[in-house]
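Have a look at the structure below before the remarks.
Residue numbers (this note's numbering): 1059 to 1700.
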């Protein structure tokens, strides 16, 4: 890109005696107006100040690049000024930056996504070369500075570069997800070419993940660079690689140094063995070819993973309010609108009743179509609450928002002039209007009818039917201890709770203690049949069980799944059947052992005794089976050894 074509000596000033950022901006805007580049000096100046209020335009090393995109600009141009006494009042990415080189970009609206980014990127890339920047700063006149704009050191351009054989991955991400994300990526790739290093950059910007690193790249890479000012998505993919972490702005001024640091780190502490990704993970590398069934499953699991913290937080907050009112006889305060206890109750209830379904829908959509689907996903969840379709409606809304946004991203791609407009306006607004309208006006009544039918069916279960339902839920909870089958049971129970039926979750909450208690009991009573490591694990699992955490028994399951899974499932099925048979209900999720005081359907002491007693009965059954099967296993191994 020839910079000199977009300016002239009359738009360049050297060694100015300016005292503030405001003086510098107004001076350069005036220069552009005098050269006929603006339709309205006042309107363009207003645009530049509006841009300044959004985020810093100062960089590092004395550089500032203010800019404005406006209809007041006739043609793309820029003005340059070097400052004799560096300015200290310019907001910069580097707080210590003292501005002595100011480049003001004037961009017409229609070139906002093309000329703007190209010019900004070109300047930042060139100015990352200290020699180039010093030449501009030391120019004695405007004509000299103008003549130096496109002077690039010949040796850097023509010298033969030896391939080092090193492969470095990078992830760039900035808060806005536009300029710095892409500029940092470009700077790293360019520096890699100059150093003989293969560099592949994944951009996590306004449109989600672009150029996602594939399994092959992850396997062949020597190191990874995180140049980010916001959290990196799926960072666990890079666990095997040496890492260099820095801000998104650092590569703009020192990309070579960052790459050299990554290579040095790779040589001192080589990468670990790369764990092959599952078929699901490999499919995630290429969203376009991701199997539909996998996409559906991943969407549900993603949504559930994001609502679990909300459910636990809301459940424990609501449980605390209920327990305080009962222990200290504050039922009147609990019921009094505006009281502190009422507010605490509303906080917990709000997390469960108002946020749970929108968060589920939003992150299901996010799993399918990435960041652009979040807004429409939240809208789908809010619509589900409005039409009374509950958890079922939220899940359907999440699918609808995700697949519609995926379709929209294919048909309307954010390229060229309107890239920013498409990403920040078209996707969220069109997605919300379409998905929200479909939820509210087309499928609202059928969903509400299905939801009410489910409530009525669950409410009708009693006797033998309740026993069967409870046994099935119990078996699912302990089948894989937090895996997909467990999550399916959890989804059903939360959905039933959201629909007004509290029996399934009471069953789920009781069964969650079974595996933990069984492992502890087995390692104490049948101590001689278990290793010291297993005994140590057993000492802790009962505490996890009280908190409603099943994962403590996973080490036992991994070591001997054929015997452990049936043992845990048998006891859990009995527990589930007992709790469901007695019609015990629980409308506060995630409360663990505190659920004892929150049970419904029976007198509180009787309900607590049945609920906790059922867990103990199931645990005893599972414990007995764990000991018997382990003893049988050891006996067979002994016979084989003999």
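We put the beta carbon where it would ideally sit given N, CA and C, even for glycine.
- Beta-bridge pairing by DSSP links residue 1284 to 1229 and 1303.
- The residue from 1396, 1298, 1075 and 1379 with its alpha-carbon nearest to that of residue 1273 is 1298.
- Residue 1481 is classed as buried because its beta carbon has at least 16 other beta carbons within 10 Å across all chains shown.
- A direct Cα-to-Cα measurement between residue 1355 and residue 1454 gives close to 13 Å.
- With fewer than 16 other CB atoms across the displayed protein chains lying within 10 angstroms of its CB, residue 1390 is exposed.
- Distance from residue 1556 to residue 1415 at the Cβ level is roughly 7 Å; contact confirmed, criterion being Cβ atoms closer than 8 Å.
- By the criterion of a C-beta distance shorter than 7 Å, residue 1426 is surrounded in its chain by 1353, 1357, 1460, 1461 and 1464, once the five residues flanking it on both sides are discounted.
- Here DSSP, grouped into helix, strand and coil, assigns residue 1315 to helix.
- Only residues of its own chain outside the window of five on either side were considered, and among them 1416 and 1420 have a CB closer than 6 Å to the CB of residue 1436, listed in chain order.
- By alpha-carbon distance to residue 1224, the top candidate from 1209, 1253, 1261 and 1099 is 1253.
- Within the region 1073-1157, the runs of beta strand (DSSP E) at least 3 residues long that lie entirely inside it are, in chain order, 1125-1128 and 1135-1145.
- Residue 1394 has no beta-bridge partner at all, per DSSP.
- Straight through space, the alpha carbons of residue 1143 and residue 1428 are spaced by roughly 47 Å.
- The beta carbon of residue 1291 sits closer than 7 Å to those of 1262 and 1267, all from its chain and outside the five residues before and after it, given in chain order.
- Assignment of residue 1607 by DSSP, reduced to helix, strand and coil, places it in the coil class.
- Where residue 1384 is concerned, the enclosing alpha helix (DSSP H) starts and stops at 1350-1385.
- As computed with DSSP, residue 1643 is found in a beta bridge with 1658.
- The region 1553-1571 makes contact with the region 1632-1651, as at least three CB pairs between them are under 8 Å.
- With a threshold of 16 other beta carbon atoms within 10 Å, residue 1083 meets it and is buried.
- Contact check for residue 1079 and residue 1147: beta-carbon distance about 5 Å, within the 8 Å limit, so the pair qualifies.
- The shortest C-alpha to C-alpha distance from residue 1470 to any of 1457, 1441 and 1430 is the one to 1430.
- The count of Cβ pairs closer than 8 Å, one atom from the region 1626-1637 and one from the region 1666-1685, reaches three, so the stretches are in contact.
- When secondary structure is reduced to three states using DSSP, residue 1388 falls in the coil class, being assigned neither helix nor strand.
- Using a 10 angstroms sphere on the CB of residue 1490, the tally of other CB atoms reaches 16 or more, which defines it as buried.
- It is roughly 49 Å from the alpha-carbon of residue 1209 to the alpha-carbon of residue 1423.
- DSSP places residue 1430 in the helix class (H, G or I) of the three-state scheme.
- As the crow flies, the alpha-carbon of residue 1151 is around 15 Å from that of residue 1145.
- Its chain contains 1524 and 1525 as the residues whose beta carbon lies nearer than 6 Å to that of residue 1639, once the 5 sequence neighbours on both sides are disregarded; these appear in chain order.
- Using a Cβ distance threshold of 8 Å, residue 1096 and residue 1132 count as a contacting pair.
- Here residue 1089 is buried: its Cβ has 16 or more other Cβ atoms, across all protein chains shown, within 10 Å.
- For residue 1063, there is no enclosing alpha helix (DSSP H), as DSSP marks it with neither H nor E.
- Counting along the chain, no alpha helix (DSSP H) covers residue 1295, and no H or E run does either.
- Using a 10 angstroms sphere on the CB of residue 1597, the tally of other CB atoms stays under 16, which defines it as exposed.
- Leaving aside the five residues that flank residue 1622 on each side, the residues in its chain whose CB is nearer than 6 Å to its CB run, in chain order, 1614 and 1615.
- Cα atoms of residue 1135 and residue 1119: separation of roughly 23 Å, rounded to the nearest angstrom.
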